[in-house]
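*Asks:*
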Amino acid sequence: MPKSIHLSDLDLSREGLAQLMDFSVLNPDASQEDVDHGIETARRYHFKGFHTNTFWASYAADRLEGTGIETGWVLAFPFGAVSTAAKVAEAKEGVRTLNGRPWVIDMVANHGKLKSGDYDFYKKDIAEVAKVAHDAGAECKAILEVQLLTDAQIAAAVELASEAGADWVKSSTGRHGGPQLRQVKLMCDTAPEGVKVKVAGTGNFWTPMVALGCLLLGVQRIGTHNAPWICDELSSEVAPLLT
Ligand SMILES: O=C[C@H](O)COP(=O)(O)O
37 MPKSIHLSDL DLSREGLAQL MDFSVLNPDA SQEDVDHGIE TARRYHFKGF HTNTFWASYA
97 ADRLEGTGIE TGWVLAFPFG AVSTAAKVAE AKEGVRTLNG RPWVIDMVAN HGKLKSGDYD
157 FYKKDIAEVA KVAHDAGAEC KAILEVQLLT DAQIAAAVEL ASEAGADWVK SSTGRHGGPQ
217 LRQVKLMCDT APEGVKVKVA GTGNFWTPMV ALGCLLLGVQ RIGTHNAPWI CDELSSEVAP
277 LLT
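In my numbering, the protein residues as written are 37 to 279.
#1: With a floor of 4 residues, list each alpha helix (DSSP H) that falls wholly inside the stretch 116-161, ordered by position along the chain.
#2: Taking the alpha helix (DSSP H) that LEU252 belongs to, which residues open and close that run?
#3: On the three-state DSSP scale, how would you describe VAL205?
#4: Round the Cβ separation of LEU111 and LYS123 to the nearest angstrom and send it over; I've been treating them as touching at under 8 Å.
#5: Does at least one heavy atom of ligand 1 sit under 6 Å from the Cβ of THR260?
#6: DSSP three-state call for GLU229: helix, strand or coil?
#7: Of the choices ASP161, TRP109, HIS170 and ALA117, whose alpha-carbon is the least far from that of ILE141?
#8: Which class does ARG304 belong to by DSSP, given the choice of helix, strand or coil?
#9: Given the structure, does LEU111 come close to ligand 1, in the sense that its CB is under 6 Å from one of the ligand's heavy atoms?
#10: By a C-beta neighbour count over all protein chains shown, 10 Å radius and 16 as the cutoff for buried, is SER40 buried or exposed?
#11: Starting from the Cα of ASP171, find the closest Cα among THR77, LYS128 and ALA178 and give me that residue.
#12: Cα separation between THR90 and ASP72?
#13: Please say whether ILE105 and ALA66 have beta carbons closer to each other than 7 Å?
#14: Taking the beta carbon of SER119 as the centre, do at least 16 other beta carbons fall within 10 Å, making it buried, or is it exposed?
#15: Could you check how far apart the C-beta atoms of GLY21 and ALA163 are, in whole angstroms? I think they sit under 8 Å.
#16: Is it buried or exposed for MET143, if we count other Cβ within 10 angstroms and need 16 for buried?
#17: Quick one: does the C-beta of GLN189 sit closer than 6 Å to a heavy atom of ligand 2?
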């Protein structure tokens, strides 16, 4: 379980916060100009990762070469309701496209199968994609879309994804709303040792202070188009109050 941490343990400098953030440009209509602007922003803040639609992932990785910034391969995005074979093929495309550079798979789990109680399918679906990632030396995040789930389903999803070998459990795609803070806490409380928690889908209603709340709960990554706002606000408004 990721342990909750004290405020004094957090590096609230802009640079420190940026290393806890995956900046995203994941609108369905993201244009080359939008992606270029996202890449430029990712480089300027030196975010941990940059996530955009897979069509643009190779383009982004080329332009992030040498920065150490991870390119995200957002798989079965945003619904996750495709066959496991299609997910595995997409994962292999990610290997062909991004291997040799810093990259990671963020895969959308099959929420409908979880809700149908088909836990074996749900777990195997994640396990097969995680294996492709791990064989290529990359990490795999499983996106659970927790805001669509009951608390019992969230706990089951975290456990199944962890057993399937996901390195991370991630709350949401951001395309269907975002999690409540108590759902984030449930994820942190349920995740076993060694499985990290990422929160995403922060939308426009989440504030930098809520992001800070997530980090204090033990969240190890925040993925959002709001990453610059969160870094700027926390480093310039909150950090000085704590010195
Ligand atoms: O996977 C990351 C999503 O883009 C996060 O969504 P958001 O930008 O609405 O917070």
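Just so you know, even glycine gets a beta-carbon here, dropped at the ideal spot from N, CA and C.
*Replies:* Looking at the atomic coordinates:
#1: 120-134 and 147-151
#2: 244-253
#3: strand
#4: 6 Å
#5: yes
#6: coil
#7: TRP109
#8: Shown here, the chain extends from 37 to 279; a query on residue 304 therefore has no answer.
#9: no
#10: exposed
#11: LYS128
#12: 14 Å
#13: no
#14: exposed
#15: Examination of residue 21 is not possible in this model, given that the chain is present from 37 through 279 alone.
#16: buried
#17: Within the structure as shown, ligand 2 is missing, the only ligands being ligand 1.
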